[in-house]
Amino acid sequence: RDDRLIVSFGEMLIDFVPTVSGVSLAEAPGFIKAPGGAPANVAIAVSRLGGRAAFMGKLGDDEFGRMLAAILRDNDVSDEGVTFDAGARTALAFVTLRSDGEREFMFYRNPSADMLLTPAELDLDLIRRAKVFHYGSISLITEPCRSAHLKALEVAKEAGVLLSYDPNLRLPLWPSAAEAKEQILSIWDQADIIKVSDVELEFLTGKDSVEDEVALLLWRPSLKLLLVTLGEKGCKYYTKDFRGAVDAFKVSQIDTTGAGDAFVGALLTKLVDDMSVLQDEKKLREVLRFANACGAITTTKKGAIPALPSLAEALALVEK
Ligand code: ADP
7 RDDRLIVSFG EMLIDFVPTV SGVSLAEAPG FIKAPGGAPA NVAIAVSRLG GRAAFMGKLG
67 DDEFGRMLAA ILRDNDVSDE GVTFDAGART ALAFVTLRSD GEREFMFYRN PSADMLLTPA
127 ELDLDLIRRA KVFHYGSISL ITEPCRSAHL KALEVAKEAG VLLSYDPNLR LPLWPSAAEA
187 KEQILSIWDQ ADIIKVSDVE LEFLTGKDSV EDEVALLLWR PSLKLLLVTL GEKGCKYYTK
247 DFRGAVDAFK VSQIDTTGAG DAFVGALLTK LVDDMSVLQD EKKLREVLRF ANACGAITTT
307 KKGAIPALPS LAEALALVEK
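full-length UniProt numbering puts the first residue of the sequence shown at 7, with every later residue one more than the last.
Quick look at the structure:
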């Protein structure tokens, strides 16, 4: 076992973001290529903060796939768990926040390489070597990637790897809201740590509130830690023995993309160095303050990966 290794499993893609803000996709005068995909963001967040990270997933053997693999390497994220599909293209997303405040999405996924990962292509050794295995839910949407995801969970569980789940709902990708909810919750009992946003909490519980009693609907005895992130209001935490909230840092928000991934990356990086954080509320609160700082910094810059903080930046905000 590599006692510091965090393996992050799932999709890595390119978001095409309009060069001007507040326009619809059709009105955009041009686009900037922003590498992303929540599990890849988490891997890079870990690495920037000084942790050891590997990304596991499939990329197209095309210019975009090669660009993404280079980004992993440039960020000291191991790509030994990455496979390339010669016949499929890397996933692309066109994303904009329109002037009416609505997010608009368009995806190239018919199918994209990430969806074609098979169980046989998994690097099982890499999974078994990890201290933490982190994943989302987009890899549950279609086969064969769904089977690969389930197999990876099984192998990780058997090997005693800590499982960390951030469903990272991207509703437009799912065939229906009902299916999203069902599939996301179908692997709920396997995780040791789950992080949801306030929006996901409401979606998954069907309630119009983020009160403790609603969050606790998502609690399971199998869980060691449940986290609810609340944007500029910080986060809430729930364990078997204690629960509470940690305030956010005040920053001028420009683009929230990747804030949740920075938060998770920060938490996992701290956790592998000291697992007793899960039983010690004082330590947990310190770690969540650090995670909040990493989330906050990420909102002050455009894009996800370019905005993820270094350890020095994170410590500067925490110690301010
Ligand atoms: P997600 O990206 O999953 O929706 P959030 O937007 O809640 O998650 O952000 C994750 C964390 O990042 C929050 O818990 C908070 O600590 C920090 N954060 C997000 N938005 C802001 C903001 N506007 N100001 C300060 N901190 C923020």
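By construction, the Cβ of each residue, glycine as well, lies at the ideal position given by its N, Cα and C atoms.
Predicted model only: the values in this text are computed from it and were never measured.
- Beyond the five residues adjoining it in sequence on each side, Lys157 comes within less than 7 Å, by CB distance, of Pro125 and Leu128 in the same chain, given in chain order.
- Residue pairing of Glu110 in beta bridges, as defined by DSSP: Thr102.
- Judged by the Cβ position, Gly237 qualifies as a neighbour of the ligand ADP at the 7 Å threshold, a heavy atom of the ligand being closer than this.
- Under the three-state reduction of DSSP, Lys39 is assigned to strand.
- A contact between stretches requires three or more CB pairs, one per stretch, nearer than 8 Å, and the segment 103-123 meets this requirement with the segment 144-151.
- Per the Cβ contact rule, the segment 30-41 is not in contact with the segment 159-177 (fewer than 3 Cβ pairs under 8 Å).
- Around the beta carbon of Arg295, a 10 Å sphere encloses 16 or more other beta carbons of the protein chains shown; the residue is thus reported as buried.
- For Met62, the enclosing beta strand (DSSP E) has its first and last residue at Arg58 to Gly66.
- Excluding five sequence positions before and after Ser282, the CB atoms of its chain that fall closer than 8 Å to its own CB belong to Lys289, given in chain order.
- Thr305 has its Cβ nearer than 7 Å to a heavy atom of the ligand ADP.
- Cβ contact annotation for Val167 (same chain, cutoff 6 Å, sequence separation greater than five): Ala136 and Phe139, in chain order.
- With a threshold of 16 other beta carbon atoms within 10 Å, Phe70 meets it and is buried.
- Val205 and Thr102 do not touch by the CB rule: their CB atoms are close to 18 Å apart, not below 8 Å.
- In the DSSP assignment, Pro24 falls within the beta strand (DSSP E) that extends over Leu19 to Pro24.
- For Thr245, the closest alpha carbon among the candidates Ala272, Lys213 and Gln285 is that of Gln285.
- Nearest C-alpha to Arg249 among Cys241, Glu17 and Leu323: Cys241.
- Assignment of Asp91 by DSSP, reduced to helix, strand and coil, places it in the strand class.
- Listed in chain order, the beta strand (DSSP E) elements of length 3 or more contained wholly in the segment 213-286 are 231-235, 241-244 and 249-252.
- By the neighbour-count criterion, in which a residue is buried when 16 or more other Cβ atoms sit within 10 angstroms of its Cβ, Lys201 is buried.
- Around the beta-carbon of Met112, fewer than 16 other beta-carbon atoms lie within 10 Å, marking it exposed.
- By the CB criterion at 8 Å, Val83 and Ser53 fall inside the cutoff.
- For Val29, there is no enclosing alpha helix (DSSP H), since its DSSP letter is neither H nor E.
- Residue burial is scored here from C-beta neighbours: Ala310 has at least 16 other C-beta atoms within 10 angstroms and is therefore classed as buried.
- Apart from sequence neighbours up to five positions away, the residues of its chain that approach Arg226 with a beta-carbon distance below 6 Å are Asp195, ordered along the chain.
- In the DSSP annotation of this structure, Lys201 is not part of any alpha helix (DSSP H); the continuous beta strand (DSSP E) holding it starts and ends at Ile199 to Ser203.
- Burial is judged here by how many other beta carbons sit within 10 angstroms of a residue's own beta carbon; Ile303 has at least 16 and is buried.
- Assignment of beta strand (DSSP E) within the segment 150-201, counting only whole runs of 3 or more residues, yields 168-171 in chain order.
- Rounded to whole angstroms, the separation of the alpha carbons of Lys39 and Gly66 is 16 Å.
- From the listed residues Glu86, Asp91 and Ala92, the smallest Cα separation to Leu132 is found for Glu86.
- Separation of Leu223 and Pro315 (C-alpha to C-alpha, rounded to the nearest whole angstrom) is 33 Å.
- In this model, Pro41 and Tyr114 are separated by some 14 Å (Cα to Cα).
- Leu207 is a Cβ neighbour of Val234, given a cutoff of 8 Å.
- Leu11 has Arg58 as its beta-bridge partners, per DSSP.
- Per DSSP, Ser143 has no beta bridge partner at all.
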